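Novice:
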Amino acid sequence: MTISNERKLTIARAMAEAIQEEMQIDPSVFVMGEDIAALGGVYGNTRGLLEEFGAERIRDTPISETAFIGAAVGAAQDGMRPVVELMFVDFFGVCFDAIYNLMAKNTYFSGGNVKVPMVLMTSTGGGYSDAGQHSQCLYGTFAHLPGMKVVAPSNAYDAKGLMTAAMRDDSPVVYMYHKRLQGMGWLGTEAGATVHVPDESYTVEIGKANVVREGTDVTIVSLGLGVHQGLAAAATLAEQGVSAEVVDLVSLVPLDRDTIRASVAKTGRLIVVDEDYMSYGVSAEVIASVTEHDISVLKSAPTRIAYPDVPIPYARVMEQYCLPNAEKIVAAWDQMKVA
Amino acid sequence: MTPARDEQHWMYRMMVTSRKFEESIEAIYMEGKTPAFNMADGPIPGEMHLSNGQEPVAVGVCAHLNAEDVVTATHRPHHQAIAKGVNLERMAAEIFGKKTGLSGGRGGHMHIFDADVNFACSGIIAQGMGPAVGAALSRKMQNKPGVAVAFVGEGAVNQGGWHEAMNLAALWKVPFVCVIEDNAWGISVAKDASTAIANNSDRAAAYGIPGKRIEGNDPYAIYEAAGEAIARARAGDGPSLLEIDTYRLAGHFMGDAEGYRPEGEKDALFDKDPIPRMRSKMIADGVATEAELAGIETDAAATVDAAISFARSSDDPAPEDALTKVFAA
Ligand SMILES: Cc1ncc(C[n+]2csc(CCOP(=O)(O)OP(=O)(O)O)c2C)c(N)n1
Ligand SMILES: [Mg+2]
Numbered sequence: 000m001t002i003s004n005e006r007k008l009t010i011a012r013a014m015a016e017a018i019q020e021e022m023q024i025d026p027s028v029f030v031m032g033e034d035i036a037a038l039g040g041v042y043g044n045t046r047g048l049l050e051e052f053g054a055e056r057i058r059d060t061p062i063s064e065t066a067f068i069g070a071a072v073g074a075a076q077d078g079m080r081p082v083v084e085l086m087f088v089d090f091f092g093v094c095f096d097a098i099y100n101l102m103a104k105n106t107y108f109s110g111g112n113v114k115v116p117m118v119l120m121t122s123t124g125g126g127y128s129d130a131g132q133h134s135q136c137l138y139g140t141f142a143h144l145p146g147m148k149v150v151a152p153s154n155a156y157d158a159k160g161l162m163t164a165a166m167r168d169d170s171p172v173v174y175m176y177h178k179r180l181q182g183m184g185w186l187g188t189e190a191g192a193t194v195h196v197p198d199e200s201y202t203v204e205i206g207k208a209n210v211v212r213e214g215t216d217v218t219i220v221s222l223g224l225g226v227h228q229g230l231a232a233a234a235t236l237a238e239q240g241v242s243a244e245v246v247d248l249v250s251l252v253p254l255d256r257d258t259i260r261a262s263v264a265k266t267g268r269l270i271v272v273d274e275d276y277m278s279y280g281v282s283a284e285v286i287a288s289v290t291e292h293d294i295s296v297l298k299s300a301p302t303r304i305a306y307p308d309v310p311i312p313y314a315r316v317m318e319q320y321c322l323p324n325a326e327k328i329v330a331a332w333d334q335m336k337v338a
Numbered sequence: 000m001t002p003a004r005d006e007q008h009w010m011y012r013m014m015v016t017s018r019k020f021e022e023s024i025e026a027i028y029m030e031g032k033t034p035a036f037n038m039a040d041g042p043i044p045g046e047m048h049l050s051n052g053q054e055p056v057a058v059g060v061c062a063h064l065n066a067e068d069v070v071t072a073t074h075r076p077h078h079q080a081i082a083k084g085v086n087l088e089r090m091a092a093e094i095f096g097k098k099t100g101l102s103g104g105r106g107g108h109m110h111i112f113d114a115d116v117n118f119a120c121s122g123i124i125a126q127g128m129g130p131a132v133g134a135a136l137s138r139k140m141q142n143k144p145g146v147a148v149a150f151v152g153e154g155a156v157n158q159g160g161w162h163e164a165m166n167l168a169a170l171w172k173v174p175f176v177c178v179i180e181d182n183a184w185g186i187s188v189a190k191d192a193s194t195a196i197a198n199n200s201d202r203a204a205a206y207g208i209p210g211k212r213i214e215g216n217d218p219y220a221i222y223e224a225a226g227e228a229i230a231r232a233r234a235g236d237g238p239s240l241l242e243i244d245t246y247r248l249a250g251h252f253m254g255d256a257e258g259y260r261p262e263g264e265k266d267a268l269f270d271k272d273p274i275p276r277m278r279s280k281m282i283a284d285g286v287a288t289e290a291e292l293a294g295i296e297t298d299a300a301a302t303v304d305a306a307i308s309f310a311r312s313s314d315d316p317a318p319e320d321a322l323t324k325v326f327a328a
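Line by line, the protein sequences give chains E and F.
Going by numbering that gives the first Met the number 0, the first residue of the first sequence is number 0, and it counts up by one from there.
Going by numbering that gives the first Met the number 0, the first residue of the second sequence is number 0, and it counts up by one from there.
#1: Would you list, in chain order, the members of the stretch 173 to 192 of chain F that have their beta-carbon closer than 7 Å to a beta-carbon of chain E?
#2: Cutting at 7 Å between CB atoms, please list the residues of its own chain near F:Glu21, excluding the five before and the five after it.
#3: Give me the residue from F:Thr99, F:Ala82 and F:Gln79 with the minimum Cα distance to F:Glu88.
#4: Using only CA atoms, which one of F:Asp314, F:Val303, F:Ala321 and F:Ile24 lies nearest to E:Asp308?
#5: Tell me, please, whether the CB atom of F:Glu319 is closer than 9 Å to any CB atom in chain E?
#6: Classify F:Asn199: buried if its beta carbon has 16 or more other beta carbons within 10 angstroms, exposed otherwise.
#7: Give a yes or no on whether 9 Å exceeds the smallest Cβ distance from F:Ile196 to chain E.
#8: F:Pro130 touches chain E at which residues, Cβ-Cβ below 7 Å?
#9: Am I right that E:Val150 and E:Met117 are in contact with their C-beta atoms under 8 Å? What's the rounded C-beta distance?
#10: Relative to ligand 2, what is the chain-ordered list of residues with a Cβ closer than 6 Å to any of its non-hydrogen atoms?
#11: Please determine whether the Cβ atom of E:Thr123 lies at a distance below 8 Å from any heavy atom of ligand 1.
#12: Here's the rule: buried if 16 or more other CB atoms are within 10 angstroms of the residue's CB, otherwise exposed. What is F:Asp115?
#13: Touch check for the stretch 56 to 63 of chain E and the stretch 207 to 214 of chain F: three-plus C-beta pairs under 8 Å?
#14: Quick one: Cα of F:Val151 to Cα of F:Thr302, how far?
#15: Who are the near neighbours of F:Ala164 in its chain, counting only those whose CB is closer than 6 Å to its CB and skipping five residues on each side?
#16: Which residues of chain E have a Cβ atom closer than 8 Å to the Cβ of F:Ile123, listed in chain order?
#17: Please classify F:Phe326 as buried or exposed, where buried requires at least 16 other C-beta atoms within 10 Å of its C-beta.
#18: Check the Cβ of E:Ser63 against every Cβ in chain F and list those closer than 9 Å, keeping chain order.
#19: Quick check on F:Asp5: does DSSP put it in helix, strand or coil?
#20: Would the beta-carbon of F:His110 be found less than 8 Å away from any heavy atom of ligand 1?
#21: What does a CB cutoff of less than 7 Å around F:Pro42 pick up in its chain, not counting 5 residues either side in sequence?
#22: Given that a residue counts as buried once 16 or more other Cβ atoms are within 10 Å of its Cβ, and exposed if not, what is F:Glu67?
#23: Indicate whether at least one CB of chain E lies closer than 9 Å to the CB of F:Asp5.
#24: Going by C-alpha to C-alpha distance, which of F:Thr71, F:Ala39, F:Ile229 and F:Lys139 sits closest to F:His110?
#25: Given that F:Arg247 touches chain E, what residues does it touch there, using C-beta distances under 8 Å?
#26: What residues in its chain sit with their C-beta under 6 Å from that of E:Leu222, if we drop five residues either side in the sequence?
#27: What residue range does the beta strand (DSSP E) around E:Ser221 cover?
#28: Out of F:Asn117, F:Lys143 and F:Gly103, point me to the one whose CA is closest to F:Gln79's CA.
#29: What residues in the stretch 103 to 127 of chain F bring their beta carbon closer than 9 Å to a beta carbon of chain E?
#30: If distances are taken between C-alpha atoms only, which option among E:Arg80, E:Asp168, E:Glu55 and E:Tyr276 comes closest to E:Gly139?
#31: Grouping DSSP H, G and I as helix and E and B as strand, with all else coil, what is F:Tyr219?
#32: Compute the beta-carbon to beta-carbon distance between F:Ala147 and F:Ala155, rounded to the nearest angstrom, for a pair I have assumed lies under 8 Å.
#33: Excluding the five sequence neighbours on either side, which residues of its own chain have a C-beta within less than 7 Å of the C-beta of E:Val203, listed in chain order?
#34: Ligand 1 and E:Gly267: does any heavy atom of the ligand fall closer than 8 Å to the residue's C-beta?
#35: Could you give the uninterrupted runs of the beta strand (DSSP E) lying entirely in the stretch 126 to 194 of chain F, keeping only those of 3 residues or more?
#36: Return no unless some Cβ of chain E is closer than 9 Å to the Cβ of F:Gly154.
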């Protein structure tokens with residue numbers, strides 16, 4: 000596909016642009032978080048907003064996550080549409096009550112009479128030796144708990160559309176962006192994440208997965224950075240004459256089980272790639288979506304490539320050993336064939 | 000209370016060792032990161048928070064501590080670790096992610112643990128507070144000697160966990176001192192943009208304990224105030240709070256362009272570098288000769304070089320070591 004006026008943006012810029020355009024038309028949208036004003040966010044996703052909207056609507060906060068995320072809940076219930084940033088998802092430990100007991104439950108507790116229209120954006124992922132308190136994904140942790148939508152873009156087009164959709168949603172949305180897709184100058188970025196992004200405001204539906212590569216022999220399901228690893232593996236497999244389909248989940252809550260099931264019904268084989276911890280998580284949920292629906296479509300046992308159930312080590316050799324990558328996906332296919 | 004001659008020599012030695020260590024780490028951190036800076040590359044990857052400028056806090060406090068005393072530190076831990084007597088070779092190796100590191104490469108720069116000298120870290124803001132209060136409680140319950148000190152940044156005082164731990168320490172009257180290193184910034188956010196009052200030491204009143212602010216990043220004034228607070232804790236009279244005016248001569252982390260700093264702020268800070276100031280004072284006071292201080296500087300450089308060489312020449316861990324040490328053996 001050739002695009003006239005191609006405008007490639009990083010995910011960071013796409014997120015900032017979505018917030019900017021929404022703030023221009025909706026005075027109830029405002030942003031709170033640590034280092035999101037003058038610095039523009041450690042991961043660049045609020046850059047330029049302070050200059051345009053000022054400190055009243057672009058608020059640097061103290062290092063008080065419980066207070067400002069709780070405050071976002073209160074403001075959201077009172078007619079505002081806050082976008083708040085938890086700088087690293089790992090920091091949820093100091094503020095989870097505001098997230099899962101308030102943000103996620105107040106709509107239900109009120110019998111639907113109270114809305115909590117807020118976005119909690121947070122960075123995820125490792126691979127750059129930031130060790131065990133700054134490298135986790137925790138997708139499953141958030142997706143497990145009812146009452147919050149959870150999205151994770153793999154590219155800048157989806158990043159902008161999902162952010163706009165999240166800000167317009169009347170329910171809370173947790174927006175999980177991967178650091179190694181973000182396009183920061185000081186951290187390597189997966190090239191495939193930086194794509195054409197339309198100038199004008201648009202939404203990407205929350206709850207809809209994308210088939211990003213079609214194939215017939217095996218389905219590779221992932222999200223965020225893992226989608227690019229799945230695509231790289233699919234390219235390698237293609238050289239071996241294997242046709243892999245790659246599904247980008249885009250959204251964990253709601254989870255588009257139909258798209259997963261349709262793909263596996265076609266290919267008969269499933270590999271799930273998840274940078275989050277292996278057990279009790281996204282990978283198991285994806286597999287269960289298929290097996291509890293119709294196990295007869297499977298030609299071999301599903302496989303998952305996920306982070307082992309250990310804290311994330313600092314040393315590069317140990318961390319890289321644990322992380323998913325394209326080679327592990329190809330090796331999983333090799334195992335599957337013999338099985 | 001002025002530090003004795005030997006103590007002053009020790010304080011100067013630790014400040015210089017810390018600075019030289021940071022300067023070495025700073026240079027090595029950039030290896031493999033030019034021309035394109037990518038935090039993931041080079042012999043020392045990941046975030047790196049240097050302590051240049053904050054050395055007086057570490058030495059003024061740790062001058063009163065022994066190996067048995069407990070220290071919890073933060074994401075910016077090197078100066079405190081050095082002053083607490085953490086094994087420098089194994090700390091360097093940990094920062095290089097080597098098998099010989101304190102944690103075999105599992106923790107890295109933000110997770111320096113040396114049980115031999117009761118030193119621990121957390122990269123989560125204010126989360127050293129609870130463990131330090133708990134260690135102090137344990138000493139009290141076991142009737143064992145020792146105090147616990149939590150070092151935190153001024154930004155950490157706005158964290159709920161900080162207040163909970165302060166109240167607990169005061170309520171249970173445990174041998175604990177909280178030392179706030181006020182370097183005026185939490186990443187890009189200035190203290191006055193994040194904190195409702197000027198002096199965090201005033202918050203001690205909320206817990207009914209002594210609180211003191213020490214101006215000037217002055218190792219002597221810090222020594223005196225810390226000495227009182229730690230003596231009070233040792234005597235069983237309960238916790239204290241110290242807020243120490245200090246400054247960060249480096250960026251928040253390496254790679255930080257520091258565009259948020261007002262023009263000229265950095266230059267003015269370099270003019271007040273505490274290390275040359277202490278040097279001049281020791282000579283002026285007749286506490287050390289030029290030759291003695293030069294000797295300390297040479298020794299410190301040699302100590303740091305030896306630690307760095309040890310780290311560089313050590314082996315990487317085996318990749319599958321990642322899967323071990325999750326549970327106690
Ligand atoms: C709970 C939590 N929130 C946010 C962060 C991100 N963070 C790391 S350092 C820092 C600033 C800390 O400022 P301060 O406590 O003053 O320490 P300094 O960096 O100045 O030494 C922040 C916000 C974190 N590590 N933990
Ligand atoms: Mg600070």
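Beta carbons: idealized from backbone N, C-alpha and C, even for Gly.
Only a predicted model underlies this, so the values are computations on that prediction, with no experimental measurement involved.
Specialist: This is what the structure gives:
#1: Gly185, Ile186, Ser187, Val188 and Ala192
#2: Residue numbering aside, residue 21 of chain F sits at position 22 when the second sequence is read from its first letter. Within the same chain, F:Glu21 has close Cβ partners Leu49, Ser50, Asn51 and His77.
#3: By one-based count along the second sequence, residue 88 of chain F stands at place 89. Nearest of F:Thr99, F:Ala82 and F:Gln79 to F:Glu88, Cα basis: F:Thr99.
#4: Taking the first sequence and counting its residues from 1, one reaches residue 308 of chain E at position 309. That would be F:Ala321, whose Cα lies nearest to the Cα of E:Asp308.
#5: To locate residue 319 of chain F, count along the second sequence from 1; it is residue 320. Taking Cβ atoms only, chain E reaches closer than 9 Å to F:Glu319, which makes this a yes.
#6: Within the second sequence, residue 199 of chain F is the residue found at index 200, counting from 1. Classification of F:Asn199: buried, given that the 10 Å Cβ count is 16 or more.
#7: Locating residue 196 of chain F in the second sequence gives position 197, counting from the first residue. With 9 Å as the cut-off, F:Ile196 does not count as an interface residue toward chain E.
#8: The residue given as residue 130 of chain F occupies position 131 in the second sequence. None at all; the shortest Cβ gap to chain E is about 14 Å.
#9: For the purposes of this step, residue 150 of chain E is identified with residue 151 of the first sequence, where counting begins at 1. For the purposes of this step, residue 117 of chain E is identified with residue 118 of the first sequence, where counting begins at 1. Actually they are not in contact, since the Cβ atoms of E:Val150 and E:Met117 sit about 14 Å apart, beyond 8 Å.
#10: Residues with their Cβ less than 6 Å from any non-hydrogen atom of ligand 2, running along the chain, are F:Gly152, F:Glu153, F:Gly154, F:Asn182, F:Trp184 and F:Gly185.
#11: Indexing the first sequence from 1 puts residue 123 of chain E at position 124. No.
#12: Numbered from its first residue, the second sequence carries residue 115 of chain F at position 116. F:Asp115 should be labelled exposed.
#13: As far as the Cβ criterion goes, the stretch 56 to 63 of chain E does not touch the stretch 207 to 214 of chain F, which means the pair count is below three.
#14: Against the second sequence, residue 151 of chain F aligns to sequence position 152. Against the second sequence, residue 302 of chain F aligns to sequence position 303. Those two C-alpha atoms are separated by around 27 Å.
#15: Numbered from its first residue, the second sequence carries residue 164 of chain F at position 165. Cβ within range, chain order: Met128, Gly129 and Val132.
#16: Start at 1 with the first residue of the second sequence, and residue 123 of chain F comes out as number 124. In chain order: Asp89, Phe90, Gly92, Val93 and Gln132.
#17: The residue given as residue 326 of chain F occupies position 327 in the second sequence. By the neighbour-count rule (16 or more Cβ atoms within 10 Å), F:Phe326 is not buried but exposed.
#18: Taking the first residue of the first sequence as position 1, residue 63 of chain E is located at position 64. Within chain F, the residues near E:Ser63 are Asn157, Gln158, Gly159 and Ser193.
#19: Position 6 of the second sequence, counted from the start, is the residue given in the question as residue 5 of chain F. If DSSP states are grouped into helix, strand and coil, F:Asp5 belongs with the helices.
#20: As a working mapping, residue 110 of chain F is identified with position 111 in the second sequence. Checking the Cβ of F:His110 against ligand 1 gives no.
#21: Start at 1 with the first residue of the second sequence, and residue 42 of chain F comes out as number 43. Listed in chain order, the non-local C-beta contacts of F:Pro42 below 7 Å within the same chain comprise Ile27, Glu30, Gly31 and Phe95, local neighbours out to five positions each way being set aside.
#22: Your numbering for residue 67 of chain F matches position 68 in the second sequence. With fewer than 16 Cβ atoms within 10 Å of its Cβ, F:Glu67 is classed as exposed.
#23: Position 6 of the second sequence, counted from the start, is the residue given in the question as residue 5 of chain F. No, its Cβ sits nowhere closer than 9 Å to a Cβ of chain E.
#24: Within the second sequence, the letter at position 111 stands for residue 110 of chain F. Among F:Thr71, F:Ala39, F:Ile229 and F:Lys139, the Cα nearest to that of F:His110 belongs to F:Thr71.
#25: For the purposes of this step, residue 247 of chain F is identified with residue 248 of the second sequence, where counting begins at 1. Those within 8 Å of F:Arg247 in chain E number zero; the least Cβ separation is about 15 Å.
#26: Indexing the first sequence from 1 puts residue 222 of chain E at position 223. Cβ within range, chain order: Ala151 and Leu248.
#27: Taking the first sequence and counting its residues from 1, one reaches residue 221 of chain E at position 222. Here the beta strand (DSSP E) through E:Ser221 covers Val217 to Ser221.
#28: Indexing the second sequence from 1 puts residue 79 of chain F at position 80. For the residues F:Asn117, F:Lys143 and F:Gly103, the minimum Cα distance to F:Gln79 belongs to F:Asn117.
#29: Gly103, Gly104, Arg105, Gly106, Gly107, His108, Met109, His110, Ser121, Gly122, Ile123, Ile124, Ala125 and Gln126
#30: Working through the first sequence from its first residue, we reach residue 139 of chain E at position 140. Ranked by Cα distance from E:Gly139, the first of E:Arg80, E:Asp168, E:Glu55 and E:Tyr276 is E:Tyr276.
#31: Sequence index remark: in the second sequence, residue 219 of chain F carries index 220 (1-based). Three-state result, F:Tyr219: helix.
#32: As a working note, residue 147 of chain F is residue 148 in the second sequence. As a working note, residue 155 of chain F is residue 156 in the second sequence. Contact doesn't hold; Cβ gap of about 16 Å is too wide.
#33: Counting from one through the first sequence, the residue named residue 203 of chain E turns up at place 204. These residues qualify, in order along the chain: Asp157, Gly160, Leu161 and Ala164.
#34: The residue labelled residue 267 of chain E in the question sits at position 268 within the first sequence. No, the Cβ of E:Gly267 stays beyond 8 Å of every heavy atom of ligand 1.
#35: Correct list: 147 to 152 and 175 to 181.
#36: For the purposes of this step, residue 154 of chain F is taken as the residue at position 155 of the second sequence. F:Gly154 counts as touching chain E.
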